[in-house]
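Line order of the protein sequences matches chains A and B. Per the numbering used here, the first sequence starts with residue 838, numbered consecutively. Per the numbering used here, the second sequence starts with residue 151, numbered consecutively. Ideal Cβ positions, reconstructed from N, Cα and C, are used throughout, including at glycine.
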Amino acid sequence: DTAVSQTPKYLVTQMGNDKSIKCEQNLGHDTMYWYKQDSKKFLKIMFSYNNKELIINETVPNRFSPKSPDKAHLNLHINSLELGDSAVYFCASSQDLRAGNEKLFFGSGTQLSVL
Amino acid sequence: DAKTTQPNSMESNEEEPVHLPCNHSTISGTDYIHWYRQLPSQGPEYVIHGLTSNVNNRMASLAIAEDRKSSTLILHRATLRDAAVYYCILRAVFSGGYNKLIFGAGTRLAVHP
Numbered sequence: 838d839t840a841v842s843q844t845p846k847y848l849v850t851q852m853g854n855d856k857s858i859k860c861e862q863n864l865g866h867d868t869m870y871w872y873k874q875d876s877k878k879f880l881k882i883m884f885s886y887n888n889k890e891l892i893i894n895e896t897v898p899n900r901f902s903p904k905s906p907d908k909a910h911l912n913l914h915i916n917s918l919e920l921g922d923s924a925v926y927f928c929a930s931s932q933d934l935r936a937g938n939e940k941l942f943f944g945s946g947t948q949l950s951v952l
Numbered sequence: 151d152a153k154t155t156q157p158n159s160m161e162s163n164e165e166e167p168v169h170l171p172c173n174h175s176t177i178s179g180t181d182y183i184h185w186y187r188q189l190p191s192q193g194p195e196y197v198i199h200g201l202t203s204n205v206n207n208r209m210a211s212l213a214i215a216e217d218r219k220s221s222t223l224i225l226h227r228a229t230l231r232d233a234a235v236y237y238c239i240l241r242a243v244f245s246g247g248y249n250k251l252i253f254g255a256g257t258r259l260a261v262h263p
């Protein structure tokens, strides 16, 4: 069983479209995250939810809207896609957002290409 | 946020030990030192973490300087599968006691047969 799974693995779409990426974790964790890795390979945190509550929002454009229907799921919806949104998006989870010794478990990524 | 500095790239031969350095001179007393690695086309993977004492696990060892301003990740016998980007990260604490992982550029490790 994959601990953190995200779908789809690849997403190719046109500018202006709306798309969603889904993430599920079966680790029983309370906290989930979205990270973005751009073409220069820098990994940047976008959002974090703890028990379905938004905790971190790293000044991401409001075209990006995370939704957490329950603790095990954190989906990312992107409106009006732009060329600059092309990147690899990683979902992650951890047990607790407060403990400094917590490990994060990452999914295998969704490669988004906006044409 | 406390920052880390790592070499851009390193090379090693298979079966040899690898020492990956990290400088974190602005580390605070409550910052844990974490190491993750990212294999090609995969998500980051936890390797090891520590606070003050050296740590060992099945993947690697972490040696932390006495003043905690630097640390070294040690892979005892590099394999081809260890070729990856290795990130040294300090957990950044913010309001409410929450913290987050902030990734730097990392060190790209090449392992030669």
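Item to complete: Could you tell me which of A:E861, A:K881, A:A909 and A:T868 sits nearest to A:L891, measuring between CA atoms?
Response: A:T868
Fill in: Reduced DSSP secondary structure (H/G/I, E/B, other) of B:R208
coil
Worksheet item: Who does B:P171 pair with in a DSSP beta bridge?
Response: B:T222
Fill in: Bridge-paired residues (DSSP) for A:P903
A:L913
Fill in: Nearest neighbour of B:D181, chosen from B:Y248, B:A234, B:T257 and B:I224 [CA to CA]
B:Y248
Item to complete: Output, in chain order, the set of chain B residues within a Cβ distance shorter than 8 Å of A:N854.
Response: Near A:N854 there are no residues of chain B at all, since even the closest Cβ is about 25 Å away, more than 8 Å.
Worksheet item: Less than 9 Å separating the beta-carbons of B:R227 and B:P171?
Response: no
Fill in: Inter-stretch contact at 8 Å, needing at least 3 Cβ pairs: the segment 155–162 of chain B / the segment 911–922 of chain A
no
Practice prompt. Verify the CB distance criterion: does B:E195 have a CB-CB separation below 9 Å to chain A?
Written response: yes
Practice prompt. Spell out a yes or no on whether the segment 246–263 of chain B and the segment 898–905 of chain A are touching, meaning 3 or more CB-CB pairs, one atom from each, closer than 8 Å.
Written response: no
Discussion item. Using the three-state DSSP reduction, which class does A:L941 fall into: helix, strand or coil?
Written reply: coil
Practice prompt. Give a yes or no on whether the C-beta atoms belonging to B:T257 and B:Y236 are separated by under 9 Å.
Written response: yes
Practice prompt. Report, in whole angstroms, the separation of the C-beta atoms of A:A924 and A:L941, which I expect to be a contact under 8 Å.
Written response: Not a contact, Cβ separation roughly 18 Å.
Item to complete: Could you check the C-alpha separation between A:S885 and B:A210 for me, to the nearest Å?
Response: 29 Å
Worksheet item: Excluding sequence positions up to five away, which residues of its chain have a Cβ less than 6 Å from the Cβ of A:K873?
Response: K881, M883, A924 and Y926
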